[in-house]
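Report on one structure; see the data block that follows.
Numbering (the numbering used here), first residue to last: 3 to 524.
Rendered as C-alpha cells:
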C-alpha cells in the first residue's frame, strides 16, 4: 500500500501492519443516523487520527481497539436484529405450517364424512336389497309350499290305504322341514335388524302346550322316544303373552331334543318358580332330553347364529344352526334368558323363566270362539247363508282354499285379481273376503282401499289377508290399508278354520240382534 494512499473512512492502517481493516458497511449504516454526542466525537477523532501517518503505534493501537469496540457494538446490534427477524420469520413459517395442517385436517374430515356417508348409503342399499330378496324368496317359496302342504292335508283327510297315508305323511313332514328353514332365515333377519317384536294376546296356555306336543308325537314315536308334557298345579290356563313366540321357543327346544336323542325321553315341564302376584304369574318352561349332550366349553357357542356344537352334528343331524340363536333372542325379548345344563352322553336341560301378566277378566266369548271347532254352536242353515269372496290368482291355491271353504259348507265365489274383487263387492253381497296381496291388474292393498271407500254397508266387510308375504312390515301394511286379519302361506287350515269361526259367529250374532232404526239427518 502506498504511504500516500488515502484510505476510505473505516479502513484502519499503519505503517507496521500496512492494513488492518474493518468493514465500512457498519459506518455506512450509521453515517446518516444521529448518534449521541460523545459517540460522534469519538468517531470523528478516530477519523482524524486514521488520516494521519502517526508513528505512535500505541496510540494507533488504542484507536484501533476503540474503533473495533464500536464496530463490535454495531455488529451485535445488527446480529440481534437479524436474530429477531429470523425468529419472526420462523414464527410466520410455523404459523404457515399450522394453517396448512389445519387446512389438510379439514379436508381429511370432509373426505371422512363423505366416505362415511357413502358407506352408510351403501349399507342402507344393501340392507334394502337383502330385505327385498328375503321378501321375494319367502313369497316365491311359500306360494308353492302352500299348495303342497294344503293339498297333502286334504288328501290325508280322505280314505287312504296305510301305505298311501305313510307316504303322504313323509311328504308333509319334508315340506314342513323346508318351511321351518324358511321361517328360521326370516326370523334371523328380523332379529338381526332389531325388527322382531312381541304381539301379546290372551290365549289358553294348556291347550297351546298340548298342540305343541302333538306336533312331535309321530316323530317321537318313529324314534321310539317317550315324549311327555308335565304341567304343575298353579300354572294358569289363560295367560296374556305372545303365544306364537313363546311356542316357537318350546318347539325349537322340543325339536332339538328329539333330533339329538337316539333313545330315552324328551320331557316338557311347565311350573311356577315363585308365588304369583295379583298382576303376574311366574312360569318356568323347561325341556329335558336324554340325548347326546353338549360339552361345557361348547355351551355358549350353540346360542350363536349358524353354530352347532360340532361340524359333524350338522352333517349327521342337519339343521341351520339358527334355532337356539333365535330362541335365545326371543327369550330376551320376553325379559328372560335361555339357560342350559348338559353333560356329553347324558342329555341336556334347557329352561327359561317368564313373568307373564295375569288375565284380569275372562273374555268368554273370545275364548270360546278361539277354542271351538268351526261351526260349533252355530245352526247349519245359518252357515249356509254366509257368502265368502276368495281373491286368489294362483290356481292351485285357489282350488285349495275353495275346497276348504266348501267343506265348511260356506258359499264361495272366486276371482283372480283385485279389480274383479272390487267389481264383485259392488255388485254382490258378501260377508267375508279372503284377499291375496300380490296379483295382476290390481293388488290386494289397493283393492282393499277401494272397498273401504264404498258405501257404508259394504266398506265394513271383514277382509282377511291370505299371502305368501310373511314379514312384519307386510302384516302392518295390511292392517294399515284396512284389512282385519292376516294369515301367511302356507295356510294353516286349523288356524284358518278358527279365524273363520270367529267372524262367522260374530256375523250370525249380529244378524240375530234387532236392527236399529237409523234416521238420516238432513
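Ideal placement from N, C-alpha and C gives every residue a C-beta, glycine not left out.
Distance, residue 401 Cα to residue 465 Cα: 19 angstroms
Residue 291, DSSP secondary structure in three states: strand
Check whether the Cβ atoms of residue 414 and residue 422 sit closer than 8 angstroms, and answer yes or no. no
For residue 190 and residue 182, I'd like the C-alpha separation in whole angstroms. 12 angstroms
DSSP state of residue 110 mapped onto helix, strand, coil: helix
Mind checking if residue 198 is an interface residue toward chain B, Cβ cutoff 8 angstroms exclusive? Absent from the structure is chain B; it holds one protein chain and no more.
Do you know whose CA, among 173, 306, 496 and 477, lies nearest residue 447's CA? 477
C-alpha gap between residue 380 and residue 281, whole angstroms: 35 angstroms
Rounded to the nearest angstrom, how far is the Cβ of residue 438 from that of residue 468, given a contact under 8 angstroms? 6 angstroms
Runs of 4 residues minimum, wholly inside the segment 188 to 271: which ones carry the alpha helix (DSSP H) assignment? The alpha helix (DSSP H) runs lying completely inside the segment 188 to 271 and spanning 4 residues or more are 207 to 217, 219 to 224 and 245 to 261, given in chain order.
Taking Cβ positions, are residue 199 and residue 245 nearer each other than 8 angstroms? no
Determine the direct distance from the alpha carbon of residue 255 to that of residue 345, and round the result to whole angstroms. 17 angstroms
Buried or exposed (CB count within 10 angstroms, at least 16 for buried), residue 89: exposed
Limits of the alpha helix (DSSP H) - the one that residue 328 falls within: 325 to 335
Within this structure, are the beta carbons of residue 301 and residue 251 separated by less than 8 angstroms? No, Cβ-Cβ distance for residue 301 and residue 251 is not below 8 angstroms.
If you check the beta carbons only, do residue 268 and residue 229 fall under 8 angstroms apart? yes
Can you tell me whether DSSP reads residue 471 as helix, strand or coil? coil
Can you tell me the Cα-Cα spacing of residue 149 and residue 157, whole angstroms? 12 angstroms
Segments assigned alpha helix (DSSP H), at least 4 residues, entirely inside the segment 478 to 508: Listed in chain order, nothing qualifies, since the segment 478 to 508 has no complete alpha helix (DSSP H) run of 4 or more residues.
Can you tell me which of the three DSSP states residue 355 falls into? In this structure, residue 355 counts as strand in the three-state DSSP scheme.
When we look at the beta-carbon of residue 391 and count the other beta-carbons within 10 Å, is it buried (16 or more) or exposed? buried
For my contact list, residue 355 and residue 275 are in at a C-beta cut-off of 8 angstroms; report their separation, rounded to the angstrom. 6 angstroms
If you draw a straight line from the alpha carbon of residue 154 to that of residue 279, how long is it in whole angstroms? 46 angstroms
Skipping 5 residues on each side, what residues in its chain have a beta carbon closer than 7 angstroms to that of residue 359? 242, 281 and 282
Please say whether residue 330 and residue 305 have beta carbons closer to each other than 8 angstroms? yes
Taking all protein chains shown into account, decide if residue 147 is buried (16 or more other Cβ within 10 angstroms of its Cβ) or exposed. buried
Give the C-beta separation of residue 404 and residue 416 to the nearest angstrom, bearing in mind that I take them to be a contact with Cβ-Cβ under 8 angstroms. 6 angstroms
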